[in-house]
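Trainee: Submitted below is the structure of interest, expressed as structure tokens.
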Amino acid sequence: MNEHLLLQIVFAPVIASLLILFTRHKIGRKAGWIAALTLLYTTVLLCIAGLRIYQGSIIYEAYSIGPKVKLDLLADGLSLPVALVMNLCCMVLAFYSMHYLNHRIEIIYGKADERTRILYYTRFYFLYLLFPAGFMGVSFVTNLIAMYFFIELLPIPLYFIMGAFGYIDRHRIALMSFCWGAAGATFFLFGSLFAYTQIGSFEISELNRLAGNPYITWIILFFLIGLFTKMAVFPLHVWMPWVHAEHPTCIAGLLAIYGNVGAYVIVRILILPLPEDFKPFGLPIMILALFTMVYGSLLTLAQDDVKRFCACSTISQISYSLLGLGACTLWSVEGGLFFFLSHIMGKTILFSTAGILVYVTGIRDMKEMGGLASKMPVTALLWVMGAMMLSAFPPFSSFPSEWIMFTGIFISGTQGGSLPLLIAILGVSVIAFTITYTFWSVKRIFFGPLNPNLSKDAIKDPPLMMSIPLLFLAIVSMALGLYPKPFMDLLHSVIKVL
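Structure, rendered in structure tokens:
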């Protein structure tokens, strides 16, 4: 198990995906279990790797694909915790998806024969497993072109899953998601090629040689435009409300990871190797992040559709991490990354619970809900926990992550003049918007009179296979919130160079 550890983590989902593809007629609905157990296996491998790294090791694996083509993988205190939490969310959603997917296929393809419906079921999991493979690749590769490949891999399964299983106008929005994803990856490729022309290498470890380069501003700008497109930063956010609201809810957490992982890439390829050259971008990034936080919050407050509500909140939440990265202090960067991981856990729970509401009630409009807590107490508990995680309430991990991040932002503000300090104060104030829209949604959905148009007999909590994985993820967030030290020690072992 310990041999070729990182290679197994990256490619085990690919092997499982191909197994599902080539045996789809035989395995049928067992495809969901193959996907979920594969991700359970890679989660165990990540825990083993994490123990080794926490004890002071760094795991480096070098593989030659051809004479000049290498695939080197690195797990350290930065990449490992990021990969572990992302993989954990993927595993949870693989279990959650089994019932949800049957329901979605019944709605869209209910008139098809059983063989056709099973083919759609296996197609979903064949595509689904490409997501964790892409996330693990982005986390561990040491080469910009390899990172570009894994970033570019992610829009492909999103396009096909969106087109086959999405909601309103799903084919058009699938194309929209692919085009925006490809555009962001293209800018990333331009930055990589530009960097290569200056240092003659695509290795991330060589990027520090760009320090002071006359073209460094343009190189960083290309990377940032590409990553800001993925992160839905204003004004590059226009795809997020459509794509995030209309995709099948069982991959909502994956799309949150897809948007958030740009924070890790910024730290890995820009902040750590080029801290001084990145600093001039810090204040503009903080201003842009603050504007996106406020805009996303106001947009969320205007929503009645439960899925679009979650989608718009993602725009605001992603930029919290970006605000921390822009401050460019040790604590703000560590806290920003910790918040990114806390956010994807919270958004996985909140958006998946929105999927449960649609699964049970068949409606998306929060104005037509109300009083559901008495009929769906477990679902209500999950939504409240998701709201607490997004609002940074203890004991969840978002509380210490925001505390650490804003401590670093205020340090930046006290050292950088009145404008950074004002941004820090306003950034903290935006949390009030988050608390308002998350707990207002709790009141609208779960309290008050029950809609008489809903069948009282049909309204109940979903199968345990949908709720237990989400409760498990909430417990993980609680554990990190109550005892964040090992997690922060891992991040600090790499980011301390700042």
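Its first residue numbered 178, the sequence shown is counted upward by one per residue in my numbering. All C-beta atoms, glycine included, are put in the ideal place defined by N, C-alpha and C. It should be emphasised that the depicted structure is a prediction, and the values quoted were computed from it without experimental measurement.
Give me, in chain order, the residues of the same chain whose beta-carbon lies closer than 6 Å to that of Leu413; leave out the 5 immediate sequence neighbours on both sides.
Mentor: Phe405 and Thr406
Trainee: By how many angstroms is the C-alpha of Phe326 removed from the C-alpha of Thr200?
Mentor: 27 Å
Trainee: Which whole-angstrom value describes the C-beta separation of Phe486 and Thr477, a residue pair presumed to lie in contact below a C-beta threshold of 8 Å?
Mentor: 6 Å
Trainee: Which full runs of the beta strand (DSSP E) of 3+ residues lie inside the segment 246-320, going along the chain?
Mentor: 247-252
Trainee: Under 8 Å, do Phe570 and Phe576 count as touching if we go by C-beta distance?
Mentor: yes
Trainee: Please tell me whether Ala252 and Thr215 are closer than 8 Å, where the distance is taken between their beta carbons.
Mentor: no
Trainee: In whole angstroms, give me the CA-to-CA distance for Leu228 and Gly254.
Mentor: 11 Å
Trainee: Could you tell me the alpha carbon to alpha carbon distance between Lys544 and Asn628, rounded to whole angstroms?
Mentor: 9 Å
Trainee: Tyr660: buried (16+ other C-beta within 10 angstroms of its C-beta) or exposed?
Mentor: exposed
Trainee: Roughly how many angstroms lie between the CA atoms of Arg292 and Tyr302, to the nearest whole one?
Mentor: 16 Å
Trainee: Determine the direct distance from the alpha carbon of Pro332 to that of Ser274, and round the result to whole angstroms.
Mentor: 19 Å
Trainee: Taking just the CA atoms, how far does Tyr441 sit from Arg300?
Mentor: 30 Å
Trainee: Could you tell me the distance, in whole angstroms, from the CA atom of Leu451 to the CA atom of Arg445?
Mentor: Leu451 and Arg445: Cα-Cα distance of roughly 10 Å.
Trainee: Below 8 Å, can you find three or more Cβ-Cβ pairs linking the segment 449-465 to the segment 485-503?
Mentor: yes
Trainee: Using C-beta distances below 6 Å, list every residue in its chain close to Met263, excluding the 5 sequence neighbours before and after it, in chain order.
Mentor: Cβ neighbours of Met263 beyond the five flanking positions: Phe312 and Ile434.
Trainee: What residue range is occupied by the uninterrupted beta strand (DSSP E) comprising Ala239?
Mentor: Ile236 to Ser241
Trainee: Under 7 Å from any heavy atom of the ligand COA, does the C-beta of His348 make it?
Mentor: This structure lacks the ligand COA; in fact it carries no ligand of any kind.
Trainee: From Val191 to Met268, what distance separates their C-alpha atoms?
Mentor: 14 Å
Trainee: Keeping to the same chain, check which residues put their C-beta closer than 8 Å to that of Met353; ignore five residues upstream and five downstream.
Mentor: Trp416, Trp419 and Val420
Trainee: Below 8 Å between beta carbons: does that hold for Leu667 and Leu257?
Mentor: Cβ atoms of Leu667 and Leu257: closer than 8 Å.
Trainee: Can you name, in chain order, every residue of its own chain whose Cβ lies under 6 Å from the Cβ of Leu335, other than the five neighbours on each side?
Mentor: Ser354
Trainee: I'd like the span of the alpha helix (DSSP H) that includes Pro661, first residue to last.
Mentor: Where Pro661 is concerned, there is no enclosing alpha helix (DSSP H), given that its DSSP letter is neither H nor E.
Trainee: Quick check on the burial criterion: 16 or more other C-beta atoms within 10 angstroms. Buried or exposed for Gln232?
Mentor: Under the 10 Å beta carbon count, Gln232 is surrounded by fewer than 16 other beta carbons and is classified as exposed.
Trainee: Which residues bound the alpha helix (DSSP H) around Asp454?
Mentor: Pro452 to Leu478
Trainee: Would you identify the three-state DSSP class for Glu180, choosing helix, strand or coil?
Mentor: Collapsing the DSSP output to three states places Glu180 in coil.
Trainee: Within the segment 547-614, note down every full alpha helix (DSSP H) run reaching 4 residues or more, in order along the chain.
Mentor: 554-567, 575-593 and 595-606
Trainee: Would you mind listing the beta strand (DSSP E) stretches within the segment 389-451 that are 3+ residues and don't spill past its ends, in chain order?
Mentor: Counting only runs of 3 or more, we get nothing.
Trainee: Please identify the residue among Gly513, Lys288, Ser316 and Ile448 whose C-alpha is closest to the C-alpha of Ile236.
Mentor: Considering only alpha carbons, the answer is Ser316.
Trainee: What first and last residue would you give for the alpha helix (DSSP H) that runs through Pro334?
Mentor: Note, Pro334: alpha helix (DSSP H), Pro332 to Phe342.
Trainee: Helix or strand or just coil, what does DSSP make of Asp481?
Mentor: In the structure shown, Asp481 falls within a coil segment according to DSSP collapsed to helix, strand and coil.
Trainee: Is Ala212 near Ala271, with beta carbons less than 8 Å apart?
Mentor: yes
Trainee: Can you tell me which residues form a DSSP beta bridge with Glu380?
Mentor: Asn320
Trainee: Opposite Asp542 in the DSSP bridges: which residues?
Mentor: Asp482
Trainee: Hey, how far is the Cα of Tyr277 from the Cα of Leu599?
Mentor: 45 Å
Trainee: Let me know the secondary structure DSSP gives Cys505 once reduced to three states.
Mentor: coil
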